[in-house]
Each structure stands twice: as structure tokens, then as C-alpha cells.
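Heads up: the structure comes next, in C-alpha cells.
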Amino acid sequence: MSVDKATVAKIASLARIRMDDDALERMVPELNGILQWVEQLGEVDVTGIEPMAAVIPNTLRLRDDVVDADPLTGGGKQADVLANAPAAEHGFFGVPKVIE
Amino acid sequence: MTDLTSLGVKDIRDGVRGGSFTAREVAEAFNTAVAEAAALNAFIVTTPDHALAAADKVDAARAAGEELGRMAGVPIGMKDLFATHGVQTTAASHILEGFEPRYESTVSQKLWDAGAGMLGKLNLDQFAMGSSNETSYFGNVTSPWKKAGSNAAMSPGGSSGGSSAAVAARIAPAATGTDTGGSIRQPAAFTGICGIKPTYGRCSRWGIVAFASSLDQAGPMARSVEDCAIMLGAMAGFDPKDATSLQMDVPDWEAALNSDLRGKKVGIPREYRMAGTDQAILDSWEQGKAWLKDAGAEIVDVSLPHTKYALPAYYIVAPAEASSNLARYDGVRYGMRDLPDGVGLQDMYAATRAAGFGDEVKRRILIGTYVLSAGFYDAYYTQAQKVRALVARDFERAFEQCDVILAPTTPTASFPLGSMNEDPLTMYLNDVFAVPASLAGLPAMSVPATVNADGLPLGLQLVGRPFDEQGVLDAGLAIQERAGFTAMPDKWW
């Protein structure tokens, strides 16, 4: 499989990365080079093989159902959460107007 | 008095404990060395005050007769992928420039709790994506090493290139690294130092900027196997904040170090004898076999039949996870925002990400988005995850016949900066020997073996069973004792 400029534009849009025509043109052969190379995986006989989900067998743990079980990741951190926001306003993340 | 910057982790810790010198003297010596080495561009920010404050705490604790931690008095470099409270954390990206976390990563906190201090945040490939440290927004890191008879700037490897350069240049006795597909081992090999990636889950990923979550593991980079054992002991341990953290005890790797390999079997994977590998690397591999035999081990041939498919599988799995992880950089919650006049939310996302990510990061996000998209998911992603299962099964079968695997770390020695940029694929191939252990989540280490005809270091890689960091460290120690690697870069910075 290979991608053309329109496909790359579609992917870039899905990935929310603005790309002008020049950038798209440059990306087409680069992505195709990588995609053609990974295509060799198709040769591998994977009959009966389950796709790997976890590299080291592990089970999901449940934590105790208590408020602020770990104070580092618990609540009451509004100022910390907003501290690095580019446009925090009135205790919220500020974003441009959304009018559809 | 001895030059304190010539000392490693163990010697500093023991010297501070024994009162040969103070932690403050050590911190001052390394702070000065860091300040003089700006030409390497190993650090994105330096934090001399952090190192001094930690040292003063250790000196005060010693004066008060308190027990000192296992890293007490050792100032280290922190890869700028670990969130550090109040200290800029960028992942070497523009999009996170100025980001000052309000929390501390688990691994860095454990190191401070053990008495270490921070010299600064180390440069790396942007979001840890690269094998040469040429994708950082903050400029390339230059290796302290030069080819004999040449003044060309060499690559320190990547992505932990600031870490490898700093330790090799003796401006830090040790540094943290992270390894997703060789990012600890390859730079360690390029710069003549040691580095170990533990079993997946040993070190908490909480507070480490995520690249590919099923592969990312932190580990130490230092100048000796003992130093790595000490520092890994301080970094590892269960963390309920990381869902994949291993809930098991951390052995005392340092205390148990033993280079007597009698009764051990060392596997030599025949598929690692690949076209394109330097003859000097193949020779060092032969030498490594002889050293381990001399240490009492039996050498056995093993087969890892899916080796050649590990790298292409990695270049589907890792970008797929990256495209998902990096979706969080949207110009809303942290990091930079690019808001052209009069545009809406969607265009703000796209403009921010266009301005904030470098080319290699964009390339991997696009590949990841493509292989996860409807209609292609099974052909690419599911197939890659099946191949990954086969790569892991190869190792399982090999470890029925041997205790540890010996292989080269890289197919070549370091190369000049700028010499591999024509085609992204050439660069990817440098991780061909490192990626299989990452895909299988296994502990793996690089130790320096020798220098090639150009005077550049070459590393040997040891891969162990899950949870058997000890076996890897022991075999590494056996090589270290026999290799007698003392080569050092000439100081030009």
C-alpha cells in the first residue's frame, strides 16, 4: 500500500497537524519509504498467534475506593492544574470561541 | 586531592560516607564541570542550586549521624523527559518549552529520596524519537568523542544522548535514561559507558513524558556495571500510580553482583549476524564470547528466527502509541499555543501542533495515525502486534537453552552528526539489535568492550530473562573485568 498527497493531507487533518503543500509533498515519499519497508511483516506466518496486549503478564489492580487515595493525584489541585495553561481564565482552560 | 569528577557513583557514595570529602565538594566540582562543557550542549537547563541543596542535606545528615541513602552525595543528570517539580521539562520539544511541572516523577523523586541531587535537565531527541540526538528543538548534542585524526562532531547516540555525552565527558557521574527501542543502550555503546534497561514495569513511568507506553522504561547510565546496579536499585520499585508497574520486591542488585559465571549458559543468537554490521563489531562479539567463557560460562548457539521483523514491527507499534500519547498536546492545558487571528478551536490545535512538533515527531504521528486508521488497522497494527508476540516467543524458547544472551549493541560505531539524515530508514536501522529486547520487555544492558580503528567505543549487549536484571548485570560485570575498558575522550570542550 502506498499513500498519495491527498491521503497524507487526510492523515494530517486527522492528527490535527497543519501542513502546507510543500510539507505534504515532502512527506509523501518519506511515508511511502517507511510503509514499503514495514510491508515485509506481511511475509510472517501468524496463524494462530494472538496479538500481544501486554509484554509482561500483569493484572489490573483496583485501588481502595476512597477520596484522594493518593494526594498527588487526588483532587483540590485547580491552581496546579491550571498553572501551565497558556490561557487560564476564571479557573478554567480558555479556548477560542466555538461557533459552528 | 583527587579530581572528584573522575569518580563514579560508588566511589562518591563511599567517599562521602567515609568522610574523604563532602557532598558539597562533589556537587561544586560537577557544577563547575557542567558549566565549562556548554559546547557539548548536553544540558537544556542546569540546576546547580538543586545539586548544592541536596548535597548540603546529605552533609547535614552525616554530621547528625543519620543513615545515608544509597545515592547519598551523588549529583546526577536527569533526562529532560522526567517531570521535575518547578524545573522546566520539555522532552526537547518546542511545544513543551516553558512547561514547569507542579509534580515530581516517581523515578526522580526516588533518586532524591536516596540522596542524589540534580545537575540539570539533559538534552535528548525530541520526545525521545531519534537515534542520534539530532531531533532536539534545543540543538544537537555533540559527543565528547572524536574519530582519530578528525575534528568532525560525532553523535552521542539517542535518544538519551545528553545523558551519554554527560557521563562520558565526566561532567556527571551518572544520568537517567529511558529506553523505548534502544535509547539507553545505543547511546551508552556510542560513548563507552554502561546503561541498563530493566524489565518492563520495574521503574514507574509516572511523570515520564510518554512516547510508546508499552515499551518505555527508565534506567541508569553510568560508567560501570556496579554504578548501574546501585542507581537502578534507587530507581526501581512498585508504584500504584503506574498501572503497568511490577508489584514485586526490588532485589539488592549491588550486593548480589557476582562475575563468576560457572554453571551459566550464554546464548549467541545466530540471526544477529547481519549484513551491514561492521567487522570490528563482529570481532568484539567474538571477544565477548571468549571473555564470558573465561568467566566460566558455557557458550551455546540459539535462534531468534523473527529478529529481522522486530524493527519493522517496532516502527508500527511505537508510532501508533506515540500518535495516541501525543494527542494530548493541544495548546489548551499546558505547553505552547499558536492561535492565528480569527481561527477556531480545530485550527488552533492544528496550528499549535504544526509549530510545536519537529519533523521526526510529525512523521511518526502521521505513520501512527495511518496504521491505526479504519481499513488499515488489521493489516498494519494487528499484524505488528502478532509479530511482536512471535519475537517475544523466540526469546522464551531461547531462554530454555541459555541464561543470558550476548549480542552487539549496535551494528556500527558512532557516526558524524548530519551524516545519516538523507533517509529516516537508515537511522532506524541503527537500533536493529536493540529493538527485539524492547518489544519483549526484557532487561538488557550495554557495556563498553573496546574501541575500533578510529578510536571510537563499541558496546556489547546482554539480554536476560524477565526480572533477571541480576543475570544481566553479572554477565556485564564479567565483561567489564576482562575488557579493561579505560579509553576516554580527549577534552576539547
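Residue numbers (full-length UniProt numbering), protein chains in the order written: chain A, 1 to 100; chain B, 1 to 493.
For glycine and all other residues, C-beta sits at the position ideal for the given N, C-alpha and C.
Option in the options with minimal Cα separation from residue i
i: Ser446/B; options: Asn123/B, Ala188/B, Gly65/B; result: Ala188/B
i: Trp492/B; options: Glu104/B, Gly98/B, Ala168/B, Val58/B; result: Ala168/B
i: Lys146/B; options: Leu122/B, Ala91/B, Ala453/B, Ala389/B; result: Ala453/B
i: Leu372/B; options: Gly157/B, Ala116/B, Ala318/B; result: Ala318/B
i: Thr277/B; options: Ser20/B, Leu96/B, Leu462/B, Phe433/B; result: Phe433/B
i: Gly459/B; options: Ala407/B, Ser163/B, Ala320/B; result: Ala407/B
i: Phe93/A; options: Arg388/B, Arg333/B, Pro448/B; result: Arg333/B
i: Phe138/B; options: Met427/B, Pro424/B, Asn123/B; result: Asn123/B
i: Ala310/B; options: Gly181/B, Ala218/B, Ala60/B, Arg482/B; result: Gly181/B
i: Asn325/B; options: Ile365/B, His306/B, Ala295/B; result: Ile365/B
i: Asn140/B; options: Ala92/B, Ile184/B, Asp179/B, Trp112/B; result: Ala92/B
i: Val472/B; options: Glu481/B, Ile479/B, Ala478/B, Leu462/B; result: Leu462/B
i: Ala218/B; options: Asp252/B, Ser163/B, Asn258/B, Thr191/B; result: Ser163/B
i: Met154/B; options: Leu456/B, Cys194/B, Gly342/B; result: Leu456/B
i: Val44/A; options: Thr90/B, Pro312/B, Val451/B; result: Pro312/B
i: Met231/B; options: Glu97/B, Ala116/B, Thr409/B; result: Ala116/B
i: Thr450/B; options: Gly418/B, Ala487/B, Asn430/B, Glu481/B; result: Ala487/B
i: Gly195/B; options: Arg205/B, Ser213/B, Ala229/B, Gly207/B; result: Ala229/B
Cutoff 8 Å: residue i Cβ touching any chain A Cβ
i: residue 494/B; result: Lying before the first or after the last residue shown, residue 494/B is absent from chain B, which here runs from 1 to 493.
i: Asp394/B; result: no
i: Val463/B; result: no
i: Glu321/B; result: no
i: Thr180/B; result: no
i: Ala168/B; result: no
i: Phe399/B; result: no
i: Asp365/B; result: The question names Asp, yet the displayed sequence has Ile at residue 365/B. Yes, Ile365/B counts as interfacial toward chain A.
i: Gln385/B; result: yes
i: Ala351/B; result: yes
i: Leu390/B; result: yes
i: Lys121/B; result: no
i: Phe357/B; result: yes
i: Ser373/B; result: yes
i: Lys362/B; result: yes
i: Ile44/B; result: no
Which of helix, strand or coil DSSP assigns to residue i
i: Thr307/B; result: helix
i: Leu372/B; result: coil
i: Ala449/B; result: strand
i: Glu89/A; result: strand
i: Pro436/B; result: helix
i: Lys77/A; result: coil
i: Met231/B; result: helix
i: Phe43/B; result: strand
i: Lys241/B; result: coil
Proximity test, Cβ basis, 8 Å: residue i and chain B
i: Pro86/A; result: yes
i: Ala15/A; result: yes
i: Phe93/A; result: yes
i: Glu89/A; result: no
i: Glu25/A; result: no
i: Asn32/A; result: no
i: Gly74/A; result: no
i: Val67/A; result: no
i: Val28/A; result: no
Quiz item: Do the region 8-24 of chain B and the region 355-369 of chain B touch if we need at least three Cβ pairs shorter than 8 Å?
Solution: No, the region 8-24 of chain B does not touch the region 355-369 of chain B.
Quiz item: Is the number of C-beta pairs between the region 19-33 of chain B and the region 49-57 of chain B that are closer than 8 Å three or more?
Solution: Touching, yes, given that three or more Cβ pairs across the two stretches are closer than 8 Å.
Quiz item: Quick one, which residues of the region 284-306 of chain B are near chain A if we go by CB-CB under 9 Å, in chain order?
Solution: His306
Exercise. Decide yes or no for the touch test of the region 29-40 of chain B against the region 376-388 of chain B: beta carbon pairs closer than 8 Å, at least 3 of them.
Key: no
Quiz item: Quick check: the region 63-76 of chain B against the region 161-179 of chain B, are there 3 or more CB pairs under 8 Å?
Solution: Counting Cβ pairs under 8 Å, three or more are found: they touch.
Quiz prompt | Residues of the region 215-227 of chain B whose Cβ lies closer than 7 Å to any Cβ of chain A, in chain order | solution = Look at the region 215-227 of chain B: it has no residue with a C-beta under 7 Å from a C-beta of chain A.
Self-check item: Stretch-stretch touch, CB-based, cutoff 8 Å, three pairs: the region 332-347 of chain B with the region 299-306 of chain B
Solution: no
Quiz item: Would you say the region 74-86 of chain A touches the region 98-107 of chain B, given that touching needs at least three Cβ pairs under 8 Å?
Solution: Put simply, the region 74-86 of chain A touches the region 98-107 of chain B. At least three CB pairs are less than 8 Å apart.
Quiz item: Between the region 404-435 of chain B and chain A, which residues of the former have CB atoms less than 7 Å from a CB of the latter, in chain order?
Solution: Asp423, Pro424, Leu425
Practice problem: Could you run through the region 68-95 of chain B and flag, in chain order, every residue whose CB is less than 8 Å away from some CB of chain A? | Solution: Listed by position, the residues of the region 68-95 of chain B near chain A (Cβ gap below 8 Å) amount to none.
Practice problem: Quick one: which residues of the region 226-258 of chain B get their C-beta closer than 8 Å to a C-beta of chain A? List them in chain order. | Solution: Pro240, Lys241, Ala243, Thr244, Leu246, Gln247
Self-check item: Contact set between the region 149-162 of chain B and chain A, restricted to residues whose Cβ is under 7 Å from the partner
Solution: none
Quiz item: Name the residues in the region 93-116 of chain B whose C-beta lies less than 7 Å from a C-beta of chain A; which are they?
Solution: Phe99, Glu100, Arg102, Tyr103
Self-check item: Three CB pairs or more closer than 8 Å across the region 262-273 of chain B and the region 285-301 of chain B
Solution: yes
Exercise. Check distances from the C-beta atoms of the region 456-481 of chain B to those of chain A and list, in chain order, the residues that come in under 8 Å.
Key: Those would be Pro466, in chain order.
Quiz item: Can we say the region 109-122 of chain B touches the region 222-241 of chain B, given the rule of at least three CB pairs closer than 8 Å?
Solution: yes
Quiz item: Counting Cβ pairs, one atom from each stretch, are 3 or more of them under 8 Å apart for the region 438-445 of chain B and the region 465-484 of chain B?
Solution: yes
Practice problem: Assess, as a yes-or-no matter, whether the region 343-357 of chain B is touched by the region 10-19 of chain A under the definition of 3 or more beta carbon pairs within less than 8 Å. | Solution: yes
Quiz item: Just by C-beta distance, which residues in the region 123-135 of chain B are closer than 7 Å to chain A?
Solution: Those residues of the region 123-135 of chain B that come within reach of chain A (Cβ to Cβ, closer than 7 Å) do not exist; the list is empty.
Practice problem: Decide yes or no for the touch test of the region 244-260 of chain B against the region 124-138 of chain B: beta carbon pairs closer than 8 Å, at least 3 of them. | Solution: Touching, no.
Quiz item: Are there three or more Cβ pairs, one per stretch, closer than 8 Å when the region 387-397 of chain B is compared with the region 1-10 of chain A?
Solution: Segment contact: the region 387-397 of chain B against the region 1-10 of chain A, fewer than three CB-CB distances shorter than 8 Å; contact not assigned.
Practice problem: Please name the residues in the region 181-203 of chain B whose beta-carbon is closer than 9 Å to at least one beta-carbon of chain A, in chain order. | Solution: Listed by position, the residues of the region 181-203 of chain B near chain A (Cβ gap below 9 Å) are Thr199, Tyr200, Gly201.
Quiz item: Okay, do the region 473-485 of chain B and the region 206-221 of chain B touch, 3+ Cβ pairs below 8 Å being the bar?
Solution: no
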